[in-house]
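Engineer:
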Amino acid sequence: MSFFNRLYDEDIVRDNGHIVKCLDSFCDPFPISDELRKVLLMEDSEKYEVFSQPDREEFLFCLFKHLCLGGALCQYEDVLSPYLETTKLLYKDLVSVRKNPQTKKIQITSSVFKVTAYDSAGACYPSTKSHEQTFSYFIVDPIKRHVHVLYHCYGVGEMS
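First residue of the sequence shown: 3, per this note's numbering; consecutive thereafter.
1. According to the neighbour-count rule (16 or more other Cβ atoms, all chains shown, within 10 Å of its Cβ), is residue 11 buried or exposed?
2. What is the DSSP secondary structure of residue 31, reduced to helix, strand or coil?
3. Considering only the alpha carbon of each residue, which of 105, 102, 110 lies closest to residue 93?
4. Please say whether residue 3 and residue 131 have beta carbons closer to each other than 8 Å?
5. Applying the criterion that 16 or more other CB atoms from any shown protein chain within 10 Å of the CB defines a buried residue, is residue 148 buried or exposed?
6. Here's a check: name, in chain order, each residue in its chain whose Cβ is nearer than 8 Å to the Cβ of residue 53, leaving out the five neighbours to either side.
7. Quick check on the burial criterion: 16 or more other C-beta atoms within 10 angstroms. Buried or exposed for residue 15?
8. What separation, rounded to the nearest whole angstrom, lies between the Cα atoms of residue 162 and residue 105?
9. Which runs of the beta strand (DSSP E) fall wholly inside the stretch 111-159 and span at least 3 residues, in chain order?
10. Between which residues of its own chain and residue 17 is the CB-CB distance below 8 Å, once the five residues before and five after are set aside?
11. Quick one, which of 133, 143, 145, 144 has its alpha-carbon nearest residue 30's?
12. Looking at the structure shown, is residue 86 part of a helix, part of a strand, or coil, going by DSSP?
13. Going by DSSP in three states, residue 162 sits in which element: helix, strand or coil?
14. Measuring CA to CA, which of 141, 154, 47 is closest to residue 61?
15. Identify which residue in 97, 56, 21, 5 has its Cα closest to the Cα of residue 84.
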């Protein structure tokens with residue numbers, strides 16, 4: 003998971019794996035209490051550019067971000083390893099790879115699509131309400147002819 007080594011290089015995560023804390027603030031509706039969430043959410047953060055826009059569009063990054071931000075009742079981790087381990091496991095379960103016979107290199111065979119459906123009233127899937135943590139990804143494996151769906155709707159099932 004060398005993709006995320008820059009979190010250590012930029013002092014967002016300490017060498018021992020602990021996420022660097024900061025003064026509490028909000029990036030609606032998320033509480034920001036550490037440098038990791040600043041990098042993920044706050045465009046005006048000085049370290050936001052640690053991940054370029056093309057990096058942020060990678061499915062691996064999207065999975066990581068969704069796991070780090072969590073749901074409405076999320077309890078955040080103080081160390082990075084649970085986020086990285088879970089991201090890696092999910093990614094390996096969802097995305098298919100194969101070895102190219104000519105180059106002997108591993109290549110991704112799956113295609114990932116972020117899906118939003120619209121009707122006459124506007125967005126209807128994955129939800130009528132837009133939110134950073136409401137998403138639906140279709141991961142298509144053309145060789146096995148499988149489709150995996152990763153779906154989350156933020157705030158559904160709120161207790162009243």
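All residues carry an ideal CB built from backbone N, CA and C; glycine is no exception. Given the structure is predicted, the values throughout are model-derived calculations rather than measurements.
Structural biologist: Answer, in terms of the structure:
1. Counting other Cβ atoms within 10 Å of its Cβ, residue 11 stays below 16 and is therefore classed as exposed.
2. Correct three-state label for residue 31: coil.
3. When only C-alpha atoms are compared, the closest one is 110.
4. Contact: no.
5. Counting the other CB atoms within 10 Å of its CB gives residue 148 a total below 16, which places it among the exposed residues.
6. Excluding five sequence positions before and after residue 53, the CB atoms of its chain that fall closer than 8 Å to its own CB belong to 8, 41, 63, given in chain order.
7. So residue 15 ends up on the buried side.
8. Legend: pLDDT at residue 162 = 46, less than 50; position of this residue unreliable, no value from coordinates given.
9. Correct list: 113-116, 119-121, 124-127, 137-143, 148-154.
10. Correct list, in chain order: 10.
11. For the set 133, 143, 145, 144, the Cα lying nearest the Cα of residue 30 is the one of 133.
12. Three-state result, residue 86: helix.
13. Caution applies to residue 162, whose pLDDT of 46 falls short of 50 and renders its modelled position unreliable; the value that the coordinates give is listed next. Coil at residue 162, not helix or strand.
14. Considering only alpha carbons, the answer is 141.
15. Nearest in C-alpha terms to residue 84, of all of 97, 56, 21, 5, is 21.
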